[in-house]
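First comes the structure, then the notes that go with it.
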Amino acid sequence: LLDQDEVSKVAQADLELGFTPEDVKLMKIQFSSYIKSIGSNAKVRQRVVATAIAYFRRIYTRKSFSEFDPRLVAPTCLYLASKAEESTVQAKLLVFYTKKVRPTFTSLFPSTDNKAYRYDIKDILEMEMRLLEALDYYLVIYHPYRPLVQLLQDGNNTDMTAFTWSLVNDTYRTDLIPMYPPFMIALACIYIASVLKEKDTKAWFEELRVDMNVIKNIAMEILDFYDNYRQIPEERIAAAVSKLLTRM
1 LLDQDEVSKV AQADLELGFT PEDVKLMKIQ FSSYIKSIGS NAKVRQRVVA
51 TAIAYFRRIY TRKSFSEFDP RLVAPTCLYL ASKAEESTVQ AKLLVFYTKK
101 VRPTFTSLFP STDNKAYRYD IKDILEMEMR LLEALDYYLV IYHPYRPLVQ
151 LLQDGNNTDM TAFTWSLVND TYRTDLIPMY PPFMIALACI YIASVLKEKD
201 TKAWFEELRV DMNVIKNIAM EILDFYDNYR QIPEERIAAA VSKLLTRM
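For the sequence shown, the UniProt record's numbering gives the first residue as 1, with consecutive numbering after it.
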């Protein structure tokens with residue numbers, strides 16, 4: 001697991017392009033949505049999409065956006081995740097769906113930039129090897145979904161399954177996944193749901209003997225995402241991407 005400084009750090013090569021921590025945060029959020037859109041169109045399992053986003057975020061704690069073009073890394077993460085989760089999607093299908101969803105993400109593909117339009121099967125296969133190396137060939141990702149279901153059953157709160165599942169989905173648009181154990185993210189989602197739905201879960205949380213300060217901190221991160229980043233103006237994304245294009 002990583003700490004806040006590690007996930008927020010801007011690579012030196014990106015600093016030289018004028019990237020700020022906020023730029024990096026916005027890029028990660030938008031590309032998480034991009035991966036999810038490609039995955040939805042390709043009809044891959046939700047777990048594959050979640051794993052791909054986790055790979056994407058882990059890679060950019062080690063590599064720069066200027067060195068690894070995120071518009072190629074994103075579909076390659078999906079390709080790699082589909083293999084790791086034993087639901088392999090052919091690279092040519094990902095190329096097809098990448099082109100299909102591209103008009104929805106105009107801020108990532110400005111009309112003046114042609115390089116990203118030319119990425120093909122060969123590029124994904126070559127990038128796959130680079131990503132494997134960047135990930136130290138460690139592809140196992142533990143997700144909050146399974147502990148969420150178990151915890152909801154344990155606390156007799158299965159009526160909150162749909163709502164908390166949705167909250168967990170949105171944590172993949174934040175840096176929480178590489179920072180906290182899956183069960184703590186699941187607990188934070190249950191905590192938010194119980195507060196919003198006015199369910200008294202205090203005694204249950206006390207029985208678990210977890211650090212509620214950590215759970216509340218995770219919950220605050222999730223709520224901050226909803227308050228400030230759920231809908232990001234296109235011009236803010238475009239401004240960050242424009243810095244990237246000066247190098248490419």
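Each residue gets a CB set at the ideal place from its N, CA and C atoms; glycine is no exception.
*Can you grab the Cα-Cα spacing for the pair Y226 / L152, in whole Å?*
Computed Cα separation, rounded: 23 Å.
*For A161, the first and last residue of its enclosing alpha helix (DSSP H)*: At residue 161 the sequence reads Thr, which differs from the Ala that was named. Where T161 is concerned, the enclosing alpha helix (DSSP H) stretches over 161-171.
*Alpha-carbon spacing of G155 relative to E234, whole angstroms*: 41 Å
_Relative to the C-alpha of V48, which candidate in T161, A162, P147, H143 has its C-alpha closest?_
Comparing Cα positions, the closest option is H143.
_Closest by C-alpha distance to L139, when choosing among E128, V149, P147, L148_ = E128
*What is the rounded straight-line gap between the Cα of K28 and the Cα of D211?*
28 Å
*Give the secondary structure of S66 by DSSP, where H, G and I count as helix, E and B as strand, and everything else as coil.*
coil
*Report the three-state DSSP secondary structure of I29 (helix, strand or coil).*
If DSSP states are grouped into helix, strand and coil, I29 belongs with the helices.
*Between the region 211-221 and the region 68-82, are three or more C-beta pairs nearer than 8 Å?*
no
*Once you ignore the five residues that flank A188 on each side, which residues in its own chain have a CB closer than 6 Å to its CB?*
I215, I218, A219
*Give the straight-line distance between the Cα atoms of S45 and V95, rounded to the nearest whole angstrom.*
The amino acid occupying residue 45 in the given sequence is Arg; Ser does not appear at that position. Cα-Cα distance, rounded: 18 Å.
*Mind checking which residues open and close the alpha helix (DSSP H) that includes V10?*
Note, V10: premise wrong, no alpha helix (DSSP H); not H, not E.
*Classify Y34 as buried or exposed, calling it buried when 16 or more other Cβ atoms lie within 10 Å of its own Cβ.*
By the neighbour-count rule (16 or more Cβ atoms within 10 Å), Y34 is buried.
*Hey, would you say L78 sits closer than 8 Å to D123, going by beta carbons?*
no
_Cβ-based neighbour list, R130, same chain, cut-off 6 Å, excluding 5 preceding and 5 following_ = none
*Is DSSP giving P144 helix, strand or coil here?*
Coil.
*Simplified DSSP state of R45, which is helix, strand or coil*: It is coil, neither helix nor strand.
*For F163, which residues from the same chain have a beta carbon less than 6 Å from its beta carbon, with the 5 sequence-adjacent residues on both sides left out?*
A193
_First through last residue of the alpha helix (DSSP H) which encompasses F183_ = In the DSSP assignment, F183 falls within the alpha helix (DSSP H) that extends over 182-196.
*asked:* By the three-class DSSP mapping on this structure, what secondary structure does G18 have?
replied: coil
*Under the assumption that A13 contacts E86 (Cβ atoms under 8 Å), give the Cβ distance between them as a whole number of angstroms.*
About 35 Å separates the two Cβ atoms, so there is no contact after all.
_CA-to-CA distance, T51 to A239, given in whole angstroms_ = 28 Å
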